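Report on one structure; see the data block that follows.
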Amino acid sequence: MSGPISRRAFNRGLVWTAGAIGAGAAGMAAVRAQDLGDLGNIDPARPLLFASPELEPFVDPLPRLPVLTGSQLELRAASTTHRFHRDLAPSPALAYGGMDYLGPTVEAHAGDAMTVAYRNEIGVHPLAADFDTTLHGVTEQDRTSVPTSMHLHGAVTPPEHDGHPAFLQRPGQGHVHHYPNGHEATQLWYHDHAMGITRLNVYAGLAGMFLLRDEFDTGTTSNAWGLPSGEFELPLVLQEKIFTADGRQSIRATPVVPQGRWDGGTPGDVGVVNGKIWPELEVARGMYRLRLVNAASFSVWNLFFGNRMRFWVLGMESGMLAAPVPTTRIRLAPGERADLLVDFGAVEPGGIVELCNDEPPPLAASQRGARAMPLFCRFRMADGRGFTAAVPETLRGGAGQPSDLEPVPAPQVQRTVTVMQLPDPSTGSVLMSLNNLRFGDADIEMPRQGAVEQWDIVNVTPEPHPIHLHLVNFRVLGRQDFDVARYTREYPAPPVGTKWAPPVDAFVTGPLIPPEPWEAGPKDTVVANPGTVTRIVAVFPTAGRLGFDPDATFGVGELAAPVPPQHGGHGTPAHAGHDAAPAASGPLQGYVWHCHMLDHEDHDMMLGFRTVAE
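Residue numbers (full-length UniProt numbering): 1 to 614.
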């Protein structure tokens, strides 16, 4: 993929589905001029999609994110401006910790508890016009008094410090988060989690990396495996975006859906790494450790290097694998992280290697002209040699290494949960749902503390969904195809609000397909593919093991009920207000599980769960 790159080659891997299902090409005739806003770019070859202005790739250096350490930290969320590309004007954005986009990489040590004093200092939201007040928890007030809730993704934390989507801090408010850091070294990340606007807050910039070190994975040359460290370890926050003609970031995917209406998902047509569009980094000819997070709001990516060179997966969300996994590709969904060992030693001085993606969009998006967003960044080889070492044979169980992975425990409970896309009569759009429920419905999962449970995640939709469980890590048993038509015919779903999760075993059509080799270790996010049941096993910890009560009540919820449009459908503005009836009030309890496509969790592919004592 070297050399000049045409505008069309970069055009989008946009996955625009749920919000505009049923709105085909004929829908363009109904698009009003004001619905186009000042985005100003429609690709004539794909008139149902917005397009960023034409930009030259590889003109900006790839930023190295600053590192923040200490046992008592402060992180403030603030309004900023940020230049994403040399040829774009600065864009309004959000950021943590004094940066102008994203947040610093936090480093901590396993077993050393820490506090993070968080404070919200946001002004008017940079995407205020995109707030959809028909979504659960969103009001007119939120555009200028932006609610936030910081979540440390993958961490085992007391419920009041987990970033519950209804435990909100508005401007001038804050919360001191207590993080026990009671697990082995791994790669976490922190991001906003406010209900109904998570996609907007994260897209605007509220995300950052969090690296947990221990006596094995020290982050220095003394690490147990002789891995690259220091300048040869690179945290990479991967995103994709759409930009307006004047350089502002936009979350609008299609002109068919008016601004201020949820459109089902907004991948972009430009790759962004550490806050820069298609950046370039000069690297020494040797080995690097790349710490990737898919921080996009929507897209699943199949990542590879442009020269198809081999690399090694060291670990995923929850720590090291048993041994490095050699591969030429890795699939990474929103919320997932990947710890990669890459060797540029065989590339000639001046040579280039690009980080690419070829994951095709779902069928509905393809029918509207969507294509995969193909590129993120480029590495250019320096003349000199860099870090060289042998690839470790093992990562666990050897001398001076962490202990072997424990065998997957035998489940005591088999639980079925469903992933659904449903007509939403209140808006004329589509409701993203778990178990046929909305967020806030009471019929939630309540696993017993200490129980070993198998969750069968049944995806009856035509899209992949990355499912994330708070509090617990799990192991992936595998995936099986099933007969969706027969399953839904024999067990028709009741009206929304009544739980629907029938057992799926009688409908499987093939054998259990083992997880990918890099999915063999503990995880906190897993891709549930369309028409498959994804089987995972989790141990729900006891209060004694955790050192805190995972079922304790905390805080006071602040969520407003959704206010539907006066006349359903995307063309009618809603008249929601800050006087909407509260939908979450009084003490909160428990954690959440959800799709990590942020567009989906905002409407309403997220449910609570409680881990209850015997």
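C-beta: ideal position from N, C-alpha, C; glycine also. Predicted model, so just to flag it, every value in this text is computed and none were measured.
- N302: not part of any alpha helix (DSSP H); member of the beta strand (DSSP E) spanning W301 to F305, first to last residue.
- Considering only G208, G450, T266 and T416, the residue with the shortest C-alpha distance to H151 is G208.
- Under the 10 Å beta carbon count, L512 is surrounded by fewer than 16 other beta carbons and is classified as exposed.
- Residue state for L598 is assigned as helix, using DSSP reduced to three classes.
- Taking C-alpha positions only, G98 is separated from V342 by approximately 31 Å.
- Rounded to the nearest angstrom, the gap between the Cα atoms of G497 and N436 is 6 Å.
- When the five nearest sequence neighbours on each side are left out, the beta carbons in the same chain lying within less than 8 Å of the beta carbon of N181 are those of A108, H109, A110, G111, D112, A113, M114, A155 and L212, in order along the chain.
- Going by beta carbons, M605 and F298 fall outside the 7 Å limit.
- Assigned with DSSP and collapsed to three states, R76 falls in strand.
- Assignment of beta strand (DSSP E) within the region 276-322, counting only whole runs of 3 or more residues, yields 280-285, 287-294, 301-305 and 311-316 in chain order.
- G271 sits in a strand when the DSSP states are folded into three classes.
- N181 sits in coil when the DSSP states are folded into three classes, being neither helix nor strand.
- Distances from the alpha-carbon of M373 to those of L55, R489, E215 and P267 put P267 closest.
- In this structure, DSSP gives Y491 a state outside helix and strand, which the three-state scheme calls coil.
- Nearest to G510 by C-alpha distance, out of W518, R479 and Y203, is R479.
- In terms of Cβ geometry, M287 and P228 form a close pair [threshold 7 Å].
- In the assembly as shown, R46 is a buried residue. Its beta-carbon has 16 or more other beta-carbons within 10 Å.
- Beta-bridge annotation (DSSP): E160 is not paired with any residue.
- In the structure shown, E231 adopts helical secondary structure according to DSSP, grouped into three states.
- Boundaries around R119 are those of the beta strand (DSSP E), M114 to E121, since no alpha helix (DSSP H) includes it.
- Taking 7 Å as the cut-off, the beta carbon of R415 is found closer than this to the beta carbon of E453.
- Take the alpha-carbon of V533 and the one of R329: they are about 23 Å apart.
- Look at the region 359-408 and you find these whole runs of beta strand (DSSP E), each 3 residues long or longer: 375-385.
- Straight through space, the alpha carbons of F439 and T254 are spaced by roughly 26 Å.
- When DSSP states are grouped into helix, strand and coil, A207 belongs to the strand group.
- The region 247-261 makes no contact with the region 407-423, as fewer than three CB pairs between them are under 8 Å.
- Remark: C-beta atoms of T186 and G319 approach each other more closely than 7 Å.
- Following the DSSP letters along the chain, one finds R415 inside the beta strand (DSSP E) bounded by residues V413 to D424.
- For Q589, the secondary structure class from DSSP, reduced to helix, strand or coil, is strand.
- Between the C-alpha atoms of P258 and I467 there is a straight-line separation of about 29 Å.
- Taking all protein chains in view, the Cβ of S429 is crowded by 16 or more other Cβ atoms within 10 Å, so the residue is classified as buried.
- The continuous alpha helix (DSSP H) containing R545 extends over residues A543 to L546.
- Between the beta-carbon of Q421 and that of T388 there is about 49 Å, and that puts the pair past the 8 Å contact cut.
- For D599 against G265, the beta-carbon gap comes to about 4 Å, under 8 Å, which counts as contact.
- Burial of M432 is indicated by the presence of at least 16 other C-beta atoms within 10 angstroms of its C-beta.
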